[in-house]
Amino acid sequence: MERKLNTTRPRLSVGNVVPNFTLKDLNDEPISRGAYRVLRHLVLVLLPNISAATQTYIEELRDSYATIHAAEGEVLVLIGEPVAQAAEVYAELDTPFHILIDSEKAVSAKFLPEGAGYGIFILDRYGALHAQWVLSAPPFPPVEDVVEWIEAIDNQCTL
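Position in the sequence shown (first residue = 1) + 14 = the numbering used here.
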């Protein structure tokens with residue numbers, strides 16, 4: 015059975031390079047989207063907060079990370095909550111990817127239109143947008159779809 019997603023009109027256009035950003039991760043280390051340029055395709059996951067639904071989705075991404083990484087992909091999760099709340103969940107999840115803090119929602123405002131709190135963006139290694147899900151509420155697209163997009167982009171880049 016296919017999930018009914020609460021999508022909204024996206025702010026970004028497929029094919030265009032998305033805005034660069036730098037945010038601190040939970041270890042207070044600055045992480046830039048541009049640091050992955052030429053090196054890795056990216057899955058950007060923008061979440062307004064930590065909830066049961068977002069935690070489950072992060073767990074599903076964690077469980078699929080080896081496949082994403084094997085396809086030259088990387089995951090960055092941006093959370094719009096203070097560091098303390100996100101750090102507590104991160105410790106429980108033990109993810110191999112960075113969780114970045116966007117508590118002022120400056121980055122989210124560049125990616126998400128008004129009324130959307132959630133977004134999943136698939137970028138190639140040059141920062142061009144290939145797929146996006148812009149949502150007003152969960153549920154999220156299946157992680158299998160995200161993995162397939164990264165694998166497809168990697169196959170195109172290796173031809």
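Think of the CB as a built atom: it goes at the ideal place given N, C-alpha and C, for glycine as much as any other residue.
Fair warning: this is a prediction, and the values are worked out from it, not measured in the lab.
Residue i, buried or exposed, once every other Cβ within 10 Å from all chains shown has been counted against 16
i: leucine 56; result: buried
i: aspartate 159; result: exposed
i: leucine 53; result: exposed
i: glutamine 146; result: buried
i: tyrosine 104; result: buried
CA nearest to the CA of residue i, picked from the options
i: glutamate 74; options: Ile167, Pro110 and Gly129; result: Pro110
i: valine 31; options: Gln69, Arg139, Ile72 and Ala130; result: Arg139
i: valine 148; options: Ala80, Glu158, Ala130 and Val89; result: Ala130
i: valine 28; options: Ala80, Gly48, Ile113 and Ile134; result: Ile134
i: isoleucine 3; options: Pro33, Pro152, Asp39 and Trp163; result: With the chain represented from 15 up to 173, any question about residue 3 goes unanswered, as that position is not in the structure.
i: leucine 165; options: Glu43, Ala49 and Tyr79; result: The sequence given here places glutamate at residue 165; leucine does not occur at that position. Residue Tyr79 is the option with its Cα nearest to glutamate 165.
i: alanine 142; options: Tyr50, Asp42, Pro44 and Asn41; result: Tyr50
i: serine 150; options: Val103, Ile136 and Glu128; result: Glu128
i: glutamate 43; options: Val89, Glu102, His112 and Ile136; result: His112
i: proline 62; options: His144, Tyr132 and Val157; result: Tyr132
8 Å CB neighbourhood of residue i in its chain, flanking five on each side removed
i: aspartate 168; result: His55, Ala85, Glu86 and Gly87
i: leucine 107; result: Gln69, Ile72, Glu73 and Arg76
i: isoleucine 45; result: Thr36, Leu37, Lys38, Asp39, Leu90, His112 and Leu114
Proximity of residue i and residue j at Cβ, strictly below 8 Å
i: glutamate 95; j: serine 117; result: yes
i: valine 121; j: valine 91; result: no
i: isoleucine 93; j: valine 161; result: no
i: leucine 126; j: arginine 47; result: no
i: proline 33; j: lysine 119; result: no
i: alanine 67; j: proline 152; result: yes
Close Cβ partners of residue i (< 6 Å) along its chain, the five nearest in sequence each way excluded
i: valine 97; result: Ile115
i: glutamate 102; result: none
Cutoff 7 Å; reference residue i; Cβ partners in own chain excluding five residues on either side
i: tryptophan 163; result: Ile136, His144 and Ala145
i: glutamine 170; result: none
i: methionine 15; result: Per-residue confidence for methionine 15 stands at a pLDDT of 48, beneath the threshold of 50, marking its modelled position as unreliable; the derived number appears in the next sentence. Hits under 7 Å: none found.
i: valine 157; result: Glu74, Leu75 and Ser78
key: Continuous alpha helix (DSSP H) assignments of at least 4 residues falling wholly in the region 51-106   = 66-84
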